[in-house]
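**Student:** I'd like to ask you about the structure that follows.
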Amino acid sequence: MSNTRTLIQTAASTLLAVGILTAAGSAVAADASKEKCFGIAMAGKNDCGSKTSKHSCAGQSKVDNDPNDFKLVPKGSCEKMGGKTAPSSDMMN
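Be aware that the sequence shown starts at 7, since it is given in the numbering used here, and climbs by one per residue.
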């Protein structure tokens, strides 16, 4: 009986963890009123980075205004802040 209970608890915990991770991963992409603004994030304050970043994601930038890292900002405000809405072509290579 205890093996069945342990198995059920493990399965429930796994499903809960997968659900939380899925929700957290889609939170960045879900807000249509925001846009990615590259090159404006302060060290440790980025929302994520492009595929050329040397870290996995949020809050891990080491320098201010790294062109590989982005911050989510209200749509239409990025260029006013001095950022770019897309990584430059040299960052994509």
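Ideal Cβ placement from N, Cα and C applies to all residues, glycine included.
Go ahead and pull the three-state DSSP assignment for SER32.
**Tutor:** Note that SER32 scores a pLDDT of 49, beneath 50, so its modelled location is shaky; the value from the coordinates is reported in the next line. Reduced to three states, the DSSP call for SER32 is helix.
**Student:** Once the 5 residues before and after SER19 are set aside, which same chain residues still bring their CB inside 7 Å of it?
**Tutor:** Answer for SER19: no residue qualifies.
**Student:** Use the C-beta contact count for ASN9: other C-beta atoms within 10 angstroms, 16 or more gives buried, fewer gives exposed.
**Tutor:** exposed
**Student:** The beta strand (DSSP E) with GLU41 in it runs from where to where?
**Tutor:** Segment 40–44, the beta strand (DSSP E) holding GLU41.
**Student:** How many angstroms separate the CA atom of MET87 from the CA atom of SER62?
**Tutor:** 25 Å
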